[in-house]
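Asker: Can you read through this structure? Questions will come right after.
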Amino acid sequence: MKTLIAAINAKYIHSNLAIYYLKHYCGKNHNVQTAEFTINQYSNDIIKSIYKSKPDILGFSCYIWSISMILEIIPTIKKILPDIKIILGGPEVSYNSRELLDIVDIIIEGEGEAAFKECLDYWEYNKIKLSDIDGIVYKKDDKIMVTKERKPLSMDQLPFVYKDINQFNNKIIYYEASRGCPFRCSYCLSSIQKGVRFMPIERVLNELDHFLQHNVAQVKFVDRTFNANKEFAMKIFRHIIEHDNQVTNFHFEIATNLLTDDMVEILKEARVGLIQFEIGVQSTNIKTLSAINRDLDNIKYQLPNIHQHLDLIVGLPHEDYNSFKQSFNDVIALRPEQLQLGFLKVLKGSQLYYEADKYGIIYKSSPPYEVLFTKYINYDKISRLYTVCNLVDRYYNTNRFGASLEYLYNMFKSPFNFFEQFAIFWEENGYDEVSHKKQAYYLLLLKFASSLENINLELIKELIKWDWLLHENVHNHITELETIDQDKFKQFNLEVLKDVDVLNKIGAVSHRSLRIEHFRYDVYNRQPKLEQTAILFNYNKKVTWTKI
Numbered sequence: 017m018k019t020l021i022a023a024i025n026a027k028y029i030h031s032n033l034a035i036y037y038l039k040h041y042c043g044k045n046h047n048v049q050t051a052e053f054t055i056n057q058y059s060n061d062i063i064k065s066i067y068k069s070k071p072d073i074l075g076f077s078c079y080i081w082s083i084s085m086i087l088e089i090i091p092t093i094k095k096i097l098p099d100i101k102i103i104l105g106g107p108e109v110s111y112n113s114r115e116l117l118d119i120v121d122i123i124i125e126g127e128g129e130a131a132f133k134e135c136l137d138y139w140e141y142n143k144i145k146l147s148d149i150d151g152i153v154y155k156k157d158d159k160i161m162v163t164k165e166r167k168p169l170s171m172d173q174l175p176f177v178y179k180d181i182n183q184f185n186n187k188i189i190y191y192e193a194s195r196g197c198p199f200r201c202s203y204c205l206s207s208i209q210k211g212v213r214f215m216p217i218e219r220v221l222n223e224l225d226h227f228l229q230h231n232v233a234q235v236k237f238v239d240r241t242f243n244a245n246k247e248f249a250m251k252i253f254r255h256i257i258e259h260d261n262q263v264t265n266f267h268f269e270i271a272t273n274l275l276t277d278d279m280v281e282i283l284k285e286a287r288v289g290l291i292q293f294e295i296g297v298q299s300t301n302i303k304t305l306s307a308i309n310r311d312l313d314n315i316k317y318q319l320p321n322i323h324q325h326l327d328l329i330v331g332l333p334h335e336d337y338n339s340f341k342q343s344f345n346d347v348i349a350l351r352p353e354q355l356q357l358g359f360l361k362v363l364k365g366s367q368l369y370y371e372a373d374k375y376g377i378i379y380k381s382s383p384p385y386e387v388l389f390t391k392y393i394n395y396d397k398i399s400r401l402y403t404v405c406n407l408v409d410r411y412y413n414t415n416r417f418g419a420s421l422e423y424l425y426n427m428f429k430s431p432f433n434f435f436e437q438f439a440i441f442w443e444e445n446g447y448d449e450v451s452h453k454k455q456a457y458y459l460l461l462l463k464f465a466s467s468l469e470n471i472n473l474e475l476i477k478e479l480i481k482w483d484w485l486l487h488e489n490v491h492n493h494i495t496e497l498e499t500i501d502q503d504k505f506k507q508f509n510l511e512v513l514k515d516v517d518v519l520n521k522i523g524a525v526s527h528r529s530l531r532i533e534h535f536r537y538d539v540y541n542r543q544p545k546l547e548q549t550a551i552l553f554n555y556n557k558k559v560t561w562t563k564i
């Protein structure tokens, strides 16, 4: 029999670790193939691809972003391949999804490696009874049958799926060194699992060496709280720092309240760009944190060499608009490289799923079950925060507007007030309803700044121009940002470009990669002052600059 395990990913660069675990765990006794698609593909194209494979058994790895598309596809698959057996697994069907047994044959609840293999053993070799397969739900004579809960696998029983690393070219590598989480956050499905299990450390280090030897771009650890075990985490941090190949980046989700002084001392040795942290702050409201079973992530350590993503969630219990504003300002004050604003998703099986009425949480009926309003924050405010979120992504998280944003924050009571007023400006002008080219974002920021009282229009133009020049091609130019006649400096520019000492200093390869711009302000300073300034930009490979 032929088995196909399919995943529908959110983006092309993503890969689905789960389906490769299933394939490799099944071993050579079963003919198992994998197929990955994305939510941006047409469902008909996915159906055609599955049909061409002609599987006898079809498994889907189900997540919040893919379940709607999977449920759209299954009825058609059943019609064109009427004898096919379909298995669903994954977090989106592990809780309260038994009504789906009208269209599928088996649902795996919880971890699926062993259960999936035993289902194949049942269908292909009749080695085992369905009733003896732990962790599944199925129908027998129109009656729903639920087997007993499956005991978790030892982590060392999981296969290493990346031996043929070439099949993951141009993909993010997802890696798992532990399962489970020590915390019990009420919005998260990881809170249902008990305990934390770890892969043997020597195996982890050997597998990380495999990635380093093949110069993969990024290894993203999917461990829920990577530094739950201090010694385990420190050995891995130390290993990747000592074996840095100057190419690979490692991403970890951590809890900052579990960082220790000795762990930080190790991390300080990391190359800039080697490590990035995702930190789920979620809120700084103590009452909110208590309701969702979290502690405050006290980010007391400064690690400028570590790229940091900090997360906040809109719609949590006790978090009203003003409370969220405070959380936003508390977190952005740390100037993380990324500030990710998410909206509460009420996941089936999570504690908040059962407590939604208690907190007046009303959410979308279909995936991703996103919050609409609560007893603490109405839909008007939620809607406004959607626009704020989009602007944070476009302006803050791109890291393209650093100088202009820092100046504009000071024009308002707080950074949140800036983004709030900017959001109102976008909505009133309908900018949130259409797409924009890259250059337009700079001009729209200028247009908003121009509407403010007491704005130094000349300075904000130069700061926006500075931000533009730090990220754009030597030939790209925005005339609306000019405050000075650049033509007056042609002779000066020619003399500079003839100066061998200047060219050697900046490592210039060709004049074609150079650009000299003149400013009225010293825009490179955090608090610019009026001072005629000339800056030479070198666009060879990455943008560098020097004052001349």
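Residues in the sequence shown are numbered from 17 upward in steps of one, following my numbering. Ideal placement from N, C-alpha and C gives every residue a C-beta, glycine not left out.
1) With distances taken between CB atoms, is the gap from V387 to L360 smaller than 7 Å?
2) Does the structure place the stretch 320-330 close enough to the stretch 277-296 that three or more beta carbon pairs sit under 8 Å?
3) Looking at the secondary structure, which residues open and close the beta strand (DSSP E) in which N265 lies?
4) State the start and end residues of the unbroken alpha helix (DSSP H) segment that holds H573.
5) Which of helix, strand or coil does DSSP assign to N565?
6) Three-state secondary structure (DSSP) at M161?
7) Can you tell me the Cα-Cα spacing of E335 and E371, whole angstroms?
8) Can you check the stretch 83-127 for any beta strand (DSSP E) of at least 3 residues that lies completely inside it and give the ranges in chain order?
9) Within 10 angstroms of the Cβ of L326, are there 16 or more other Cβ atoms? Answer buried if so, exposed if not.
10) In whole angstroms, give me the CA-to-CA distance for N47 and S299.
11) What is the rounded straight-line gap between the Cα of P168 and the Cα of R213?
12) Indicate whether L546 and I564 have their beta-carbon atoms separated by less than 7 Å.
13) Am I right that T272 and I315 are in contact with their C-beta atoms under 8 Å? What's the rounded C-beta distance?
14) Can you tell me the Cα-Cα spacing of K187 and P98, whole angstroms?
15) Taking the alpha-carbon positions, what's the E140 to Y395 distance?
16) Quick one: what's got a C-beta closer than 7 Å to G365's C-beta in the same chain, skipping five residues either side?
17) Under 7 Å between the Cβ atoms of Q57 and L20?
18) Can you tell me the Cα-Cα spacing of F268 and L355, whole angstroms?
19) Would you tell me roughly how many angstroms separate the C-alpha atoms of I83 and S381, rounded to the nearest one?
20) Taking all protein chains shown into account, decide if S451 is buried (16 or more other Cβ within 10 angstroms of its Cβ) or exposed.
21) Rounded to a whole number of angstroms, what is the C-alpha to C-alpha distance between L530 and K557?
22) What separation, rounded to the nearest whole angstrom, lies between the Cα atoms of Y28 and I55?
23) Alpha carbon to alpha carbon, what distance is there between V539 and E478?
24) Identify whether T54 lies in helix, strand or coil by the three-state DSSP scheme.
25) I'd like to know if N415 contacts chain B, where contact means its C-beta is closer than 7 Å to some C-beta of that chain.
26) Let me check one thing: in DSSP terms, what residues is T549 bridge-paired to?
27) From this set, W561, I440 and D515, which residue's C-alpha is nearest H487's C-alpha?
28) Within its chain, find whatever has a CB closer than 8 Å to the CB of F227; leave out the 5 residues flanking it on each side and keep chain order.
29) Is DSSP giving V153 helix, strand or coil here?
30) Could you give the distance in angstroms between the alpha-carbon of L407 and the alpha-carbon of I149?
31) Can you say whether P383 is buried or exposed, counting buried as having 16 or more other CB atoms within 10 angstroms of its CB?
32) Since K193 contacts M215 with CB under 8 Å, what's their CB separation in whole angstroms?
33) Could you pull the DSSP bridge partners for T19 from this structure?
34) Tell me the rounded alpha-carbon separation between N25 and I63.
35) Kindly indicate which residue of A233, K164, I160 and N222 has the alpha-carbon position closest to the one of F184.
36) Among the residues of its own chain, which have a CB less than 8 Å from the CB of N489, if the five just before and after it don't count?
Answerer: Considering the structure as presented:
1) The count along the sequence shown starts at 1 and reaches residue 387 at position 371. The count along the sequence shown starts at 1 and reaches residue 360 at position 344. Less than 7 Å divides the Cβ of V387 from the Cβ of L360.
2) Touching, yes.
3) Mapped onto the sequence shown, residue 265 falls at position 249. Start and end: N265 to I270.
4) The chain is shown from 17 up to 564; residue 573 falls before or after that span and cannot be answered.
5) Only positions 17 to 564 of the chain appear in the structure, and residue 565 is not among them; the question remains open.
6) As a working mapping, residue 161 is identified with position 145 in the sequence shown. In the three-state reduction of the DSSP assignment, M161 falls in the strand class.
7) Reading the sequence shown from its first residue, position 319 is the one you call residue 335. Reading the sequence shown from its first residue, position 355 is the one you call residue 371. Taken atom to atom, the span from the alpha-carbon of E335 to that of E371 is near 15 Å.
8) Listed in chain order, the complete beta strand (DSSP E) runs (minimum 3 residues) inside the stretch 83-127 are 101-105 and 122-124.
9) Taking the first residue of the sequence shown as position 1, residue 326 is located at position 310. Residue environment for L326: buried (at least 16 other C-beta atoms within 10 angstroms of its C-beta).
10) Here residue 47 refers to the residue found at position 31 when the sequence shown is read from its first residue. Here residue 299 refers to the residue found at position 283 when the sequence shown is read from its first residue. So the two alpha carbons sit approximately 47 Å from each other.
11) As a working mapping, residue 168 is identified with position 152 in the sequence shown. As a working mapping, residue 213 is identified with position 197 in the sequence shown. The alpha-carbon separation between P168 and R213 amounts to approximately 9 Å.
12) Walking along the sequence shown from the start, residue 546 turns up at place 530. Walking along the sequence shown from the start, residue 564 turns up at place 548. Taking 7 Å as the Cβ cut-off, L546 and I564 do not qualify as a contacting pair.
13) Position 256 of the sequence shown, counted from the first residue, corresponds to residue 272. Position 299 of the sequence shown, counted from the first residue, corresponds to residue 315. Yes, they are in contact, since the Cβ atoms of T272 and I315 sit about 5 Å apart, within 8 Å.
14) Indexing the sequence shown from 1 puts residue 187 at position 171. Indexing the sequence shown from 1 puts residue 98 at position 82. Each residue's Cα considered, the two are about 34 Å apart.
15) Looking up residue 140 in the sequence shown gives position 124. Looking up residue 395 in the sequence shown gives position 379. Annotation: E140 to Y395 spans about 52 Å, alpha carbon to alpha carbon.
16) Taking the first residue of the sequence shown as 1, we reach residue 365 at position 349. These residues qualify, in order along the chain: S110, Y111, N112, L205 and I208.
17) Start at 1 with the first residue of the sequence shown, and residue 57 comes out as number 41. Start at 1 with the first residue of the sequence shown, and residue 20 comes out as number 4. In this structure, Q57 lies away from L20, with their beta-carbon atoms at least 7 Å apart.
18) For this step, residue 268 is matched to residue 252 along the sequence shown. For this step, residue 355 is matched to residue 339 along the sequence shown. Here the alpha carbons of L355 and F268 stand approximately 16 Å from one another.
19) The sequence position of residue 83 within the sequence shown is 67, counting from 1. The sequence position of residue 381 within the sequence shown is 365, counting from 1. Each residue's Cα considered, the two are about 13 Å apart.
20) For the purposes of this step, residue 451 is identified with residue 435 of the sequence shown, where counting begins at 1. Within a 10 Å sphere around the beta-carbon of S451 sit fewer than 16 other beta-carbons, which makes this residue exposed.
21) Taking the sequence shown and counting its residues from 1, the one referred to as residue 530 is at position 514. Taking the sequence shown and counting its residues from 1, the one referred to as residue 557 is at position 541. Taking the straight line joining both Cα atoms gives about 12 Å.
22) What you label residue 28 is simply residue 12 of the sequence shown in a count that begins at 1. What you label residue 55 is simply residue 39 of the sequence shown in a count that begins at 1. Taking the straight line from one Cα to the other gives about 9 Å.
23) As a working mapping, residue 478 is identified with position 462 in the sequence shown. As a working mapping, residue 539 is identified with position 523 in the sequence shown. E478 and V539 have their C-alpha atoms spaced approximately 7 Å apart.
24) Counted from its first residue, the sequence shown places residue 54 at position 38. For T54, the three-state secondary structure derived from DSSP is strand.
25) The question asks about chain B, but that chain is absent: this structure has only one protein chain.
26) Residue 549 sits at position 533 when you count from the first residue of the sequence shown. T549 pairs with F535.
27) Taking the sequence shown and counting its residues from 1, one reaches residue 487 at position 471. The shortest C-alpha separation from H487 is found at W561.
28) By 1-based counting over the sequence shown, the position of residue 227 is 211. Excluding sequence neighbours, F227 sits near Y178, I181, I189, Y191, V235 and T264.
29) Residue mapping note: residue 153 aligns to position 137 of the sequence shown, counting from 1. V153 falls in the strand class under three-state DSSP.
30) Position 391 of the sequence shown, counted from the start, is the residue given in the question as residue 407. Position 133 of the sequence shown, counted from the start, is the residue given in the question as residue 149. Distance between the alpha carbons of L407 and I149: 49 Å.
31) As a position in the sequence shown, residue 383 is number 367, starting the count at 1. Here P383 is buried, its C-beta having at least 16 other C-beta atoms within 10 Å.
32) If you number the sequence shown from 1, residue 193 lands on position 177. If you number the sequence shown from 1, residue 215 lands on position 199. The identity of residue 193 in the sequence shown is Ala, whereas the question assumes Lys. Right, their Cβ atoms sit about 5 Å apart.
33) For the purposes of this step, residue 19 is taken as residue 3 along the sequence shown, with counting starting at 1. The partner list for T19 (beta bridge, DSSP) reads V48 and I73.
34) Reading the sequence shown from its first residue, position 9 is the one you call residue 25. Reading the sequence shown from its first residue, position 47 is the one you call residue 63. If you draw a straight line from the Cα of N25 to the Cα of I63, it comes to about 15 Å.
35) Here residue 184 corresponds to residue number 168 of the sequence shown, with the count starting at 1. Of A233, K164, I160 and N222, the residue nearest in Cα terms is A233.
36) Here residue 489 refers to the residue found at position 473 of the sequence shown. In the same chain as N489, and ignoring 5 residues on each side of it, the C-beta atoms closer than 8 Å to its own belong to Y555, in chain order.
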